[in-house]
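Accompanying notes for the structure given below.
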Amino acid sequence: MELKELKEKLKRYKKEDIIITGHAELQAYVREIDLEEIKNNIINPDKLVYAEEQKTKKVDEEKYDCYFAYSENLCHRYILSINRKVIIVTIIKINRNWQKIIERK
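In this note's numbering, the protein residues as written are 3 to 107.
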(Lines of atoms letter the chains of each structure in order from A and count residues from 1; the text may use other names and numbers.)
(Lines give C-alpha, C1' and ligand atoms only; values in the text may rest on other atoms or scores of the structure.)
Protein backbone atom coordinates (compact mmCIF):
# COMPACT_ATOMS: atom_id res chain seq x y z
CA MET A 1 0.00 0.00 0.00
CA GLU A 2 1.28 3.44 -0.86
CA LEU A 3 1.84 6.07 1.80
CA LYS A 4 -0.93 8.27 0.41
CA GLU A 5 -3.42 5.39 0.58
CA LEU A 6 -2.48 4.62 4.19
CA LYS A 7 -2.91 8.28 5.15
CA GLU A 8 -6.39 8.30 3.61
CA LYS A 9 -7.28 5.07 5.41
CA LEU A 10 -6.11 6.44 8.78
CA LYS A 11 -8.12 9.66 8.32
CA ARG A 12 -11.32 7.59 8.30
CA TYR A 13 -10.82 6.52 11.92
CA LYS A 14 -11.89 8.43 15.02
CA LYS A 15 -10.09 8.65 18.35
CA GLU A 16 -12.56 6.11 19.75
CA ASP A 17 -11.36 3.61 17.12
CA ILE A 18 -7.76 3.73 18.37
CA ILE A 19 -6.62 1.13 20.88
CA ILE A 20 -3.27 1.54 22.61
CA THR A 21 -1.92 -1.72 24.01
CA GLY A 22 -0.56 -1.87 27.55
CA HIS A 23 2.95 -2.28 26.17
CA ALA A 24 2.57 0.79 23.92
CA GLU A 25 1.11 2.84 26.76
CA LEU A 26 4.06 1.95 28.98
CA GLN A 27 6.51 2.82 26.20
CA ALA A 28 4.78 6.19 25.70
CA TYR A 29 5.03 6.90 29.43
CA VAL A 30 8.72 5.94 29.59
CA ARG A 31 9.52 8.00 26.49
CA GLU A 32 7.38 10.94 27.67
CA ILE A 33 5.00 10.88 24.70
CA ASP A 34 1.45 12.10 25.26
CA LEU A 35 -1.21 9.52 24.30
CA GLU A 36 -3.46 12.26 22.87
CA GLU A 37 -0.62 13.32 20.59
CA ILE A 38 -0.35 9.75 19.33
CA LYS A 39 -4.06 9.54 18.62
CA ASN A 40 -3.96 12.90 16.84
CA ASN A 41 -1.10 11.65 14.65
CA ILE A 42 -3.23 8.67 13.61
CA ILE A 43 -6.44 10.54 12.76
CA ASN A 44 -4.52 13.43 11.17
CA PRO A 45 -1.47 11.73 9.60
CA ASP A 46 0.18 14.83 8.10
CA LYS A 47 3.46 13.98 9.86
CA LEU A 48 3.51 10.43 8.47
CA VAL A 49 6.57 10.30 6.20
CA TYR A 50 7.21 6.57 5.82
CA ALA A 51 5.29 3.34 6.32
CA GLU A 52 6.31 -0.22 5.62
CA GLU A 53 3.73 -2.99 5.50
CA GLN A 54 4.59 -6.02 7.61
CA LYS A 55 3.49 -9.63 7.46
CA THR A 56 0.53 -10.68 9.57
CA LYS A 57 -0.80 -14.02 10.71
CA LYS A 58 -4.46 -13.03 10.40
CA VAL A 59 -6.17 -12.71 7.04
CA ASP A 60 -8.29 -9.65 7.90
CA GLU A 61 -5.44 -7.67 9.49
CA GLU A 62 -2.91 -5.17 8.14
CA LYS A 63 0.25 -4.23 10.01
CA TYR A 64 2.51 -1.22 9.43
CA ASP A 65 5.78 0.19 10.72
CA CYS A 66 5.13 3.96 10.59
CA TYR A 67 7.37 7.00 11.02
CA PHE A 68 5.89 10.36 12.02
CA ALA A 69 8.43 13.19 11.60
CA TYR A 70 8.53 16.26 13.80
CA SER A 71 11.91 17.60 12.75
CA GLU A 72 15.18 16.42 11.28
CA ASN A 73 16.20 14.91 14.62
CA LEU A 74 12.86 13.90 16.15
CA CYS A 75 10.53 11.19 14.95
CA HIS A 76 7.92 8.87 16.45
CA ARG A 77 7.75 5.31 15.22
CA TYR A 78 4.53 3.36 15.76
CA ILE A 79 3.79 -0.24 14.91
CA LEU A 80 0.11 -0.30 13.92
CA SER A 81 -2.24 -3.19 13.41
CA ILE A 82 -5.42 -2.38 11.50
CA ASN A 83 -8.56 -4.46 11.21
CA ARG A 84 -11.80 -2.78 12.30
CA LYS A 85 -9.82 -0.64 14.75
CA VAL A 86 -6.33 0.83 14.80
CA ILE A 87 -4.26 -0.96 17.41
CA ILE A 88 -1.01 0.68 18.42
CA VAL A 89 1.31 -2.18 19.31
CA THR A 90 4.41 -0.21 20.27
CA ILE A 91 5.76 3.33 20.32
CA ILE A 92 9.35 4.43 19.83
CA LYS A 93 10.77 7.93 20.07
CA ILE A 94 13.76 8.55 17.79
CA ASN A 95 15.99 11.45 18.82
CA ARG A 96 18.52 11.35 16.01
CA ASN A 97 18.69 11.67 12.28
CA TRP A 98 15.87 9.26 11.40
CA GLN A 99 16.23 9.69 7.60
CA LYS A 100 19.23 7.33 7.57
CA ILE A 101 17.12 4.63 9.23
CA ILE A 102 14.52 4.89 6.47
CA GLU A 103 17.14 4.98 3.73
CA ARG A 104 18.48 1.61 4.92
CA LYS A 105 15.02 0.03 4.59
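Every residue gets a Cβ at the ideal spot worked out from N, C-alpha and C, and that includes glycine.
Spatial neighbours of residue i within its chain, please: C-beta separation below 6 Å, excluding the five flanking residues on both sides.
| i | result |
| --- | --- |
| I94 | R79 |
| E38 | none |
| R33 | K95 |
| L8 | A53 |
| C77 | Y69, A71, I96, W100 |
| D62 | N85 |
| I21 | K87, I89 |
Reducing DSSP to helix, strand and coil, say where residue i ends up.
| i | result |
| --- | --- |
| Y15 | coil |
| I21 | strand |
| E64 | strand |
| I45 | helix |
| I35 | coil |
Have a look at the options and flag the residue whose alpha-carbon is nearest the alpha-carbon of residue i.
| i | options | result |
| --- | --- | --- |
| T58 | E10, V91, L5, I21 | V91 |
Report the partner residues of residue i according to the DSSP bridge assignment.
| i | result |
| --- | --- |
| R79 | Y69, I94 |
| Q56 | K65 |
Using a Cβ-Cβ cutoff of less than 8 Å, which residues in the same chain neighbour residue i once the five nearest sequence positions on both sides are dropped?
| i | result |
| --- | --- |
| H25 | V91, T92 |
Among the residues of its own chain, which have a CB less than 7 Å from the CB of residue i, if the five just before and after it don't count?
| i | result |
| --- | --- |
| Y31 | none |
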